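Chains as they are written, first to last, in our numbering: chain A, 209 to 473; chain B, 209 to 473; chain C, 808 to 1116; chain D, 808 to 1116.
Just so you know, even glycine gets a beta-carbon here, dropped at the ideal spot from N, CA and C.
Values in this document were obtained by computation on a predicted structure and should not be read as measured data.
This report refers to the structure that appears directly beneath it.
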Ligand SMILES: Cc1cc2nc3c(=O)[nH]c(=O)nc-3n(C[C@H](O)[C@H](O)[C@H](O)COP(=O)(O)OP(=O)(O)OC[C@H]3O[C@@H](n4cnc5c(N)ncnc54)[C@H](O)[C@@H]3O)c2cc1C
Ligand SMILES: Cc1cc2nc3c(=O)[nH]c(=O)nc-3n(C[C@H](O)[C@H](O)[C@H](O)COP(=O)(O)OP(=O)(O)OC[C@H]3O[C@@H](n4cnc5c(N)ncnc54)[C@H](O)[C@@H]3O)c2cc1C
Ligand SMILES: Cc1cc2nc3c(=O)[nH]c(=O)nc-3n(C[C@H](O)[C@H](O)[C@H](O)COP(=O)(O)O)c2cc1C
Ligand SMILES: Cc1cc2nc3c(=O)[nH]c(=O)nc-3n(C[C@H](O)[C@H](O)[C@H](O)COP(=O)(O)O)c2cc1C
Ligand code: FES
Ligand code: FES
């Protein structure tokens, strides 16, 4: 199911440095979305910026509210940030393949880098086990996105900051390493879910391989259509000999980490 | 003198159907502007709409407030309408040649069609004689721009509407005709000033010719630069044999009506 | 309002229920859009360009946005003729619209082979020949930049097919009229234009081209004035029908091309921005005709007045 | 910040204090901009194209906005050589920047006459030859669309002048490299590109072209990707310096062209949108160099990395 709708903006609030939580009204998308899926927003009214922009669904609420967490990085997001409650917003979604949910015996470990928390919050909201853990890395303390912006779901979390202004000083993958060392879970009971900048994902993928933990990652690509029509959003998968392209918008954005060729430029 | 400034919007209010009064803060422009001059506003933030839009200065107030009366007709003016007090707006001006002011013995007759009132309000504000008259034609009563939106200057006015919902039912040039018939002024004591749609201006120009009244008109052309650099804004002047082009932005926008070739497409 | 106006147009032997066609490479295999619109409403749609063998296409990034436009360097990625016929076509056959197959080859012979393979195949209404791809034999310049080579490709396709042949012209030429005339003389039933303009963008932070392929094809509203002028020129040069495209986003844009003389229009990049652009344009045209009291859309086509300018 | 970085570049024999030039036809005769900026800050500016006799230009409308761009059909209106030399040049002579005169003729001989008339004239640093105008003898196609004719014009100008000759190339060609190589061989000291792309717009209400001249030249951000690609191509074809332009609005846009290998850039349409665009770009380049620790802007020029793509 996918929909193209003129939705209403319910709120659009600043939750951390350059980071906003957008709430839009769409019963259809809220009803059909699964964690890891995304929407394409048409931000401009005129012909520039031309293309829609992809954003993960970071949660749903009250049956008809779709939540999007976004960071202002360029011209589309700068325009989005100026929108106010009551304005209309054209949304296409839900799109793509979401996360395969862990079964009840598994311990889900979520690893997020920065705005990469977006799809993982939705995942955490959806998983019903109480032992879900999320590790989140941010640049600095003012960039931290509080878990409770999404409502009050129960989750254990730990935070790292690059500059050490909050939590562990260093990389979020170091939090993950510590966690994997300290704990005595059997690898087969663990399941990794990650989203964030590519170097981080690459490291997570390596650790998953080392520890034989199944790992799903949500990755990004520049997109034009979001629905498999333009063939623009490829990512290299497989190793050199068996290399093929996968379409991030329809084969992904969630992939098992071993499917991705992490050495592509 | 001309300035290129980031000004602040002080107000932007709806004063009639699709018609707005914009107040922007600019001491420099307010100090140097004369009636009939215009400014070029950069309405879009990005590359589309690309070009600045020309608007007559319709008055100044309190030394540093520049007033602009505009009608929403297309994409630039639709965007302008959405701007709020406090926002910035890039302005280039004052530009062009304004009206030659009547001397104290002359009776100024101002004839406006629709949003053509804009430069004439400024003119009326500037002329210090008490016998200034303005005739204004609008499509319908809801389009009437009240003279007092500009502040309280003393002026005699009469109104026509195309559909007869207010004042004289018919064309503003009919008001002018009646006025010219009824009154016993000597033509040499009269001075006509007009702005509005081309068919109206053409008629006013004909009547001025018939009655031997000097007549200044403010005319429009599509403009790119507004300052004589692009050579885009020409209007045909003279008759067929002596035809030349005048640049509306620097030779005008105010011309004597006999300078213009009213038969051009 | 009762929609009485007739939107039907003829592209040579091909009758369309309306003049709106989804452009190749921007509409997938049609199926992608089924959840959002009724494909049967379309005048026609053109599938992604098909080659003899499947192609992976260029490495990423393949897409970059530019002012009022986008560059793409998909590299003609496609599933190949065989898989298309086996997996996609059966799902398109029962549609009540025209499916047009866009083809491209690496040599004149490959074009012939492709045409041949589609001969007699049910469910395909016409062939659109993409001659904008690099001609390896001729040092990488596109087939479509040389009138003689364009004519050769056209002839080959016409000889090998039983279907109407639309030749799609490249705008990256000095005089598009020469190419149009050449393919007309070679037997094309219609021409479509424009394909993308070649362009580039640079990442000033990394000092590399933004596209892995260095250059790409520019599409979208930015190119509309260029497209419209070429359509205007070609309409006044050839007798066969001209299908116009390039930056058409809405009904008003489509009308510019129709008035200039395009018998039909294609909608490309707009499908990404507004997935229902095609059907929105169709209903827009219908409303426009109703409002203006136009009974037959052919009254509008080529109605541009040049004298009073 | 102390601005120590060196922005000087050389266009053949011509040394510029920085690589930013105001483009012909968008900067009047320079004087129009004096109230808003200090002309002496510019690398150079190029006056409106000058012909032997004054020209009134095309009837209005001459300008129409398009998505992220504009079409102009000024029709090369200008005051003519004589009036330029008599009325304008004396007011430009004492400027501490380079004044470049853009010329165009209706025949090869006219180009020669123009060059000759500027020979030895003080206060003119170089001649830019506009070969994009219609060649009446050749049926209206522009001089600049044929390598041989382009070469002939160039040769004629070079023979008749003592000043550096910049030939300004038209983008409306199949392979701009052929023209660039031809004018290089004919003795041009530099090439500048691109001039405008030909385009058109239709008024769907009146069903007439929006420009009285029917077609016009497209400029502005919309054409930037096309311009950048042509600059990239020409830089890799000729040895003489390349001056890049087309849709440059700000410092980041200018950097794309410099990185691609343009020795200098011209700023056209941007002057209308932001009259201080040229000087804003100059200060932007200075800041960029300072931030990046670049001592000489020539380090950036042509620094595009193609291998890692
Ligand atoms: C499946 C998916 C899910 C995403 N989810 C989120 C999310 O939940 N929250 C969030 O803040 N961001 C998310 N992103 C990234 C988001 O799409 C980009 O930040 C956004 O498109 C930037 O738009 P802009 O106009 O502000 O930036 P631009 O001015 O266009 O560019 C700024 C930077 O963003 C990159 N970028 C631009 N367009 C895209 C695009 N279509 N896809 C990826 N990168 C792009 C550019 O390469 C550039 O480096 C997601 C991306 C994808 C592909
Ligand atoms: C010297 C001068 C003074 C003016 N003063 C006023 C004023 O005081 N108040 C007011 O409301 N309007 C004034 N105008 C007209 C105003 O410039 C246009 O209404 C405005 O530019 C339309 O912009 P848009 O983007 O909304 O319309 P668009 O979407 O661009 O076009 C809508 C219509 O407006 C016309 N138009 C577009 N651009 C221009 C342009 N640059 N110049 C003239 N017409 C244009 C188009 O031909 C079209 O018919 C003046 C024009 C000139 C030349
Ligand atoms: C992503 C993308 C892929 C395209 N692929 C093809 C193709 O396979 N074959 C083809 O003939 N044209 C292809 N085109 C060109 C379009 O069909 C169309 O000619 C061009 O984009 C201009 O129209 P537009 O501005 O409406 O997009 C492609 C265009 C885009 C944007
Ligand atoms: C209004 C206008 C007038 C122009 N006149 C000339 C001219 O006289 N001679 C010339 O060589 N180029 C002329 N050009 C072309 C510009 O110099 C420049 O090549 C083109 O506009 C592309 O650059 P831009 O996108 O920065 O404007 C003109 C462009 C515009 C917009
Ligand atoms: S974004 Fe178009 S195919 Fe993925
Ligand atoms: S608007 Fe540019 S010369 Fe008048």
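Item	Value
beta-carbon residue 1074 of chain C near ligand 3 non-hydrogen atom, thresh 7 Å	yes
For residue 358 of chain A, three-class secondary structure by DSSP	helix
Heavy atom of ligand 6 within 7 Å of residue 949 of chain C beta-carbon	no
Buried versus exposed call for residue 953 of chain D [16 or more other C-beta atoms within 10 Å across all chains shown]	buried
Runs of alpha helix (DSSP H) lying entirely within the stretch 929-977 of chain C, each at least 4 residues, in chain order	954-966
Residue 883 of chain C Cβ short of 7 Å to ligand 3 heavy atom set	yes
Residue 984 of chain D - DSSP class collapsed to helix/strand/coil	helix
Ligand 5 heavy atom lying under 7 Å from the CB of residue 453 of chain A	no
Residue 244 of chain A and residue 358 of chain A closer than 8 Å at C-beta	no
Check: residue 458 of chain A C-beta below 7 Å from any heavy atom of ligand 5	yes
Residue 256 of chain B at chain D interface by Cβ criterion, 8 Å	yes
Cutoff 7 Å; reference residue 1064 of chain C; Cβ partners in own chain excluding five residues on either side	1035, 1038, 1051, 1055 and 1072
Residue 289 of chain B - DSSP class collapsed to helix/strand/coil	helix
Own chain partners of residue 1048 of chain D with C-beta closer than 7 Å, once the 5 adjacent residues on each side are dropped	818, 819, 997 and 1070
Limits of the unbroken beta strand (DSSP E) element including residue 998 of chain C	997-1000
Contact set for residue 887 of chain D: own chain, Cβ-Cβ below 6 Å, skip 5 residues either direction	860 and 861
Chain C residues whose Cβ lies nearer than 8 Å to that of residue 452 of chain A	863
Neighbour-count burial assignment, residue 750 of chain C, 16 or more Cβ in a 10 Å radius	The first residue shown for chain C is 808 and the last is 1116, placing residue 750 of chain C beyond what the model contains.
Residue of C:928, C:983 and C:1058 minimising C-alpha distance to residue 1045 of chain C	C:983
CB contact below 8 Å: residue 814 of chain C versus chain D	no
Backbone CA spacing between residue 346 of chain B and residue 400 of chain B [nearest angstrom]	19 Å
Length of the line joining the Cα atoms of residue 223 of chain B and residue 333 of chain B	18 Å
Cut-off 6 Å between Cβ atoms - residues of its own chain near residue 852 of chain C, not counting five sequence neighbours on either side	829, 834 and 837
Three-state class that DSSP yields for residue 919 of chain D in the structure shown	helix
Closer than 8 Å to chain C by CB, residue 1094 of chain D	no
Quiz: which residues have CB nearer than 5 Å to ligand 2 non-hydrogen atoms	B:246, B:261, B:262, B:263, B:264, B:278, B:279, B:281, B:282, B:283, B:284, B:285, B:323, B:326, B:428, B:430, B:431 and B:461
Contacting residues, own chain, Cβ-Cβ under 7 Å from residue 307 of chain A (five flanking each side not counted)	243, 244, 331, 401, 424 and 462
Residue 441 of chain A Cβ short of 7 Å to ligand 3 heavy atom set	no
Cutoff 8 Å: residue 967 of chain D Cβ touching any chain B Cβ	no
Inter-residue spacing [alpha-carbon to alpha-carbon] between residue 410 of chain A and residue 262 of chain A	22 Å
Alpha-carbon spacing of residue 377 of chain B relative to residue 349 of chain B, whole angstroms	11 Å
Members of the stretch 978-1010 of chain D near chain C, C-beta cut-off 8 Å	979, 980, 981, 982, 1004, 1005, 1006, 1007, 1008 and 1009
Straight-line gap, residue 464 of chain B to residue 431 of chain B (C-alpha atoms, nearest Å)	20 Å
C-alpha distance - residue 227 of chain B paired with residue 407 of chain B, whole-angstrom precision	21 Å
Cβ of residue 1116 of chain C within 8 Å of any chain A Cβ	Reliability fails at residue 1116 of chain C, whose pLDDT of 49 lies under 50, so the model's placement of it is uncertain and the value that follows must be treated cautiously. Not one chain A Cβ lies under 8 Å of residue 1116 of chain C.
CA nearest to the CA of residue 873 of chain D, picked from B:255, B:220 and B:286	B:255
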